[in-house]
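These notes are about the structure you will find just below.
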Amino acid sequence: MKTKLPRSFWCALTIFSLMGQIAWVVENMYFNVFIYKMFNASADDISLMVAASAVTATLTTVFIGALSDRIGKRKLFICLGYILWGVSIFSFVFLREDIISKTFATTSSATAVGVSLAIILDCVMTFFGSSANDAAFNAWLTDSTDDTNQGAAEGINSMMPLVSILVVFGGFMFFDLDKAKSWSLIFTIIGVLVIVIGILGFFLIKEPKIVPSKEPYFKSIFYGFRPKTIKENGLLYVVMAAFVIFNISIQIFMPYLIIYYEVSLGMKDYVLIMAPAILIAAVVTAFWGRLFDKKGFTFSGIIAVVMLLLGYVILFVSKTTIPVFIGSLFMMCGYLAGMAVFGAMIRNRTPEGKSGRLQGVRIFSQVLIPGVVGPYIGKMVLRGAEMIKNSDGTESFVPNENIFMAAGIALLAVIPLCLLIKKLQKPRLVQLETEYEKVLKEASGSKTFVPFAEYPRPQLKRASYECLNGEWRFKIQGKKELKYDGSINVPFVPESRISGVFKSIDKRDILIYERTFNVDNFPGKERLILHFGACDLFAEVFVNGKKAGESDNGYLSFEFDITEFAKAGENSLKVIARDPLDIDYPYGKQTEKRGGMWYTKFSGIWQTVWLERVPAEYIKGIKIVTDLKGADITVLGGAAEKLLILNGKEYKFSGEKIRIDIENPVLWTPENPYLYEFMVRSGDDTVSSYFGLRTVSIENVNDKPVICLNGVPVLFHGLLDQGYFSDGIILPATPQGFVDDILRMKSCGFNMLRKHIKIEPDLFYYYCDKYGMIVFQDMINSGKYSFLIDTALPTIGLKKGISHKATAKRREAFEKTCSGVVDALYNHPSVVYYTIFNEGWGQFDEEYFYNTLKEKDPSRIYDTTSGWFKTDKTDVESDHVYFKKLNLKKAEGRPMVLSEFGGYSCKIEGHSFNLDETYGYRFFDRADKFENALCSLYTDEVIPHIKNGLCALVLTQVSDVEDETNGLLTYDRKVLKVNEERLSVLSGSLYNVFDETFNR
2 MKTKLPRSFW CALTIFSLMG QIAWVVENMY FNVFIYKMFN ASADDISLMV
52 AASAVTATLT TVFIGALSDR IGKRKLFICL GYILWGVSIF SFVFLREDII
102 SKTFATTSSA TAVGVSLAII LDCVMTFFGS SANDAAFNAW LTDSTDDTNQ
152 GAAEGINSMM PLVSILVVFG GFMFFDLDKA KSWSLIFTII GVLVIVIGIL
202 GFFLIKEPKI VPSKEPYFKS IFYGFRPKTI KENGLLYVVM AAFVIFNISI
252 QIFMPYLIIY YEVSLGMKDY VLIMAPAILI AAVVTAFWGR LFDKKGFTFS
302 GIIAVVMLLL GYVILFVSKT TIPVFIGSLF MMCGYLAGMA VFGAMIRNRT
352 PEGKSGRLQG VRIFSQVLIP GVVGPYIGKM VLRGAEMIKN SDGTESFVPN
402 ENIFMAAGIA LLAVIPLCLL IKKLQKPRLV QLETEYEKVL KEASGSKTFV
452 PFAEYPRPQL KRASYECLNG EWRFKIQGKK ELKYDGSINV PFVPESRISG
502 VFKSIDKRDI LIYERTFNVD NFPGKERLIL HFGACDLFAE VFVNGKKAGE
552 SDNGYLSFEF DITEFAKAGE NSLKVIARDP LDIDYPYGKQ TEKRGGMWYT
602 KFSGIWQTVW LERVPAEYIK GIKIVTDLKG ADITVLGGAA EKLLILNGKE
652 YKFSGEKIRI DIENPVLWTP ENPYLYEFMV RSGDDTVSSY FGLRTVSIEN
702 VNDKPVICLN GVPVLFHGLL DQGYFSDGII LPATPQGFVD DILRMKSCGF
752 NMLRKHIKIE PDLFYYYCDK YGMIVFQDMI NSGKYSFLID TALPTIGLKK
802 GISHKATAKR REAFEKTCSG VVDALYNHPS VVYYTIFNEG WGQFDEEYFY
852 NTLKEKDPSR IYDTTSGWFK TDKTDVESDH VYFKKLNLKK AEGRPMVLSE
902 FGGYSCKIEG HSFNLDETYG YRFFDRADKF ENALCSLYTD EVIPHIKNGL
952 CALVLTQVSD VEDETNGLLT YDRKVLKVNE ERLSVLSGSL YNVFDETFNR
């Protein structure tokens, strides 16, 4: 339940956060201007003041923060600190040359004393400000919030730096900063406000309940500096080293920036340059956090550094307003984006429960070292700067563009450190155990247990079946050495944990599977058939040392008649597999370097291996074409005379074909997935199968083209289904994983799954037939993927005229796979729709493949180019919409299909695969926000389109997969992120709107 915070909390948060940030902006950006204009401070003076302030801020934050933890109090430190902070700010009112000169005879002596007093008072002010704000207020904010309201509180707090900059810049425009009276008024206003707010704090702030720290005071402070800590967290310290250099680069020029704009460039209206640049940079920074989540540190960090570097270069060579604005924009974007990226990386790499103990070393890297070294380099660069004579006869230095060159040179050192970070960075991946894996482990203790022992071909079932899954001897032969010699649990791939191997496979590795099997009573008239559900990619099969055959497709089943190679008694079986991930062959979402929407590569045997005995004349296949009254059944192979038994009735026929008309037919629908089971006898062979009576067509209803099931318009309300599992990667540990995905999505109100870029074992489609889950089936992509061409350009609207080239080998392999998929799924009533190309991935000759596949199986709907790069040769108007509001356009004569949308991401703690990276299209930190956003998406955007004719929609997606956290289920299938009942009710409202639209 969400914890409700009182109004006094929100009031205190807003007031203290804003005023504290205003005071810091004045100190960090304008105190340098103050001592420069009032006391003709030199670069040495400014450098010393910044360094002294940095040292004070660091020591105060570390020691006062630890003291606050030690005594378990926040309110006193905040309120008293603010009051004294305000007093110290107000004391600057008396720091005027006319007052000081009454004590010191010469003007030069007065200015020197003024600079010294300013530095001392700045340190005093920093001490009170850091005590109140950095050490106490930030800790109070953390202590006063929890997981249910922290996001809202941090949202307000994170706005204040930007708001304060705009307030200060806007306010300072009304003051003449060359006059001492203006500064006196500024310090009076800010000082009094800070004092008043400190007093208000005694009434507004509620002391949070915290347990005083019992850890030794100095042990906590110096924990981060211990050699052991550094050794255990090497990557974190390399990141902090890069952060030090990044901040040094900033501090080389930042203390002199406003003086450079106003004095060196003569831009009195510099606020008109800085304010818009900061506003735009703030927007960029908000986006940069998402970029970091998606692409990681190296990508987002280096681009931020490059932006900052580009800003330096432009500022170095520019002297006029527009180029200076552009340079300032790049500089501020790079600066704020870099701060966001480094901050996120440091938080991510800080060991859990150690953030407080590492605060000391972090403040050293962010404040102390840069605050001392950066300004020192800046003053050295400005040693030979031009001097100008002031009206009182004194001289002042004029900052020049060399500060940007020096900052750029320092920044270059960050790039090799970023590359080193990339080399050192190993993603923190969590091995998520599923309930199916637990069942597998428990069952594996039995000597008779065989994984995935269910009959693998439900539509052509025989009594003779021997499953060869289970333990096989297994070797991985590398290019130079034997990488693995042990056993493997077939059918699980060696990359998976539950295979017992759990190793990555290189494209040059050779996988060697071996086992024995027994053949008893092996008469000469029978044939022995060896089946493989699938093996990725190339496979050679040997029986008793003789080659039985080979396969070159990673997704289709294959079989060999091994009668001539087998013998009575014990036989040896050997499979040699290679998986070079050759992109001329279909590969789906596999990649050598997984990440984002591309997943872990899998290799070798990944479906059931099995034997069956058949007579010399045996049934090789069954093809079923249904209508609403019955079925036309073709029996391939076997003896000429056949007998079909259905519902207790016998139908004798000769040859291959028979027509069966059903009395009082029951149609197959998602609501009532009725299956007719039948048996065929042909000579000595007997097989069983099933069918469902259903048709799929496109009709015009109420002047809207719509996909119909059994002649009736149906809303295909579905989800993208990747078919990946945290235990077996490409398979669940048990087939129950398939069943549960189907049933849980049905319980949420969905009636369709879009099986995405993968062909499943036949069992999956049987379960969809049985439980009434419609399947939109994708073909498996091949060819090279281009992020720019296939994703980036279409996302911004460039969706036409792109097609990839295909070699003869790729063309042949893709056509073979597509044809094989259609053959394999022909009889499944649940499969109603095929996607040929998805988002242009490897797309070529789309019209040819539409014509070829439509001719092969005209009973299904074909989406030739799902998403974009469209063709006229397609049955539907298919669009993908992410990142923007739905605005689908009708196509004449074609049903409107939203084949991908949503992609909302919610990472569930304890159930996420990658702790460091998250992939999705809109991010939510809590499941309730995620659920509310999904429901709003359907009600606000989808329903109006249903009224306009939308008849199929595919939400991304069923479950999280590796980096992707945009599933309704977590990757381990343990958490459903949405309320099942609420989603079911919402689904019902979608169906009702659809029925009203099409008069159902």
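Residue 2 is where the sequence shown starts when you use the working numbering, and the numbers rise one by one after that. We treat Cβ as the ideally placed atom computed from N, Cα and C, and that holds for glycine.
Check residue i in the structure and name its three-state DSSP category.
i: N1000; result: coil
i: I303; result: helix
i: M2; result: The predicted model places M2 with a pLDDT of 45, which falls under 50 and marks its position as unreliable; any figure quoted below should be read in that light. M2: coil per DSSP, three-state reduction.
i: P674; result: strand
i: G784; result: coil
i: L512; result: strand
i: N839; result: strand
i: G21; result: helix
i: M174; result: coil
i: I730; result: strand
i: S748; result: helix
i: T818; result: helix
i: E813; result: helix
Output the distance between the C-alpha atoms of residue i and residue j, rounded to the nearest integer angstrom.
i: E657; j: I623; result: 9 Å
i: K442; j: F603; result: 21 Å
i: T125; j: S89; result: Strictly speaking, residue 125 in this sequence is Val, with Thr absent from that position. V125 and S89: Cα-Cα distance of roughly 7 Å.
i: I72; j: T971; result: 41 Å
i: M255; j: M30; result: 8 Å
i: M2; j: R927; result: Confidence is the limiting factor: at M2 the pLDDT is only 45, short of 50, which leaves the residue's position unreliable, though a coordinate-based value still follows. So the two alpha carbons sit approximately 12 Å from each other.
i: K548; j: S698; result: 46 Å
i: I909; j: N403; result: 49 Å
i: V239; j: S573; result: 54 Å
i: W599; j: S505; result: 16 Å
i: M268; j: D964; result: 48 Å
i: V576; j: S937; result: 52 Å
i: F523; j: A632; result: 37 Å
i: T15; j: I196; result: 16 Å
i: I634; j: I625; result: 5 Å
i: P616; j: A540; result: 27 Å
i: F247; j: G773; result: 58 Å
i: L412; j: G335; result: 11 Å
i: F170; j: V272; result: 6 Å
i: K180; j: R97; result: 10 Å
i: D144; j: F203; result: 17 Å
i: K103; j: K5; result: 58 Å
Let's test the definition: count the other Cβ atoms within 10 Å of the Cβ of residue i and tell me whether it reaches 16, buried, or not, exposed.
i: R695; result: buried
i: E997; result: exposed
i: M174; result: exposed
i: I563; result: buried
i: D123; result: buried
i: D722; result: buried
Just checking my contact of residue i with residue j at CB under 8 Å: how many whole Å lie between their CB atoms?
i: E901; j: T957; result: 6 Å
i: V379; j: A133; result: Correcting the residue type first, residue 379 is Gly in the shown sequence and not Val. That belief does not hold up - the Cβ atoms of G379 and A133 are roughly 29 Å apart, past 8 Å.
i: D580; j: L644; result: Contact flag wrong, Cβ pair sits at about 44 Å.
i: Y920; j: G597; result: 5 Å
i: F739; j: Y768; result: 5 Å
i: S92; j: F78; result: About 21 Å separates the two Cβ atoms, so there is no contact after all.
According to DSSP, residue i sits in a beta bridge with which residue or residues?
i: S573; result: T517
i: A953; result: F717 and V898
i: Y652; result: L645
i: M753; result: G719 and I775
i: V544; result: K547 and L574
i: F870; result: According to DSSP, F870 bridges with nothing at all.
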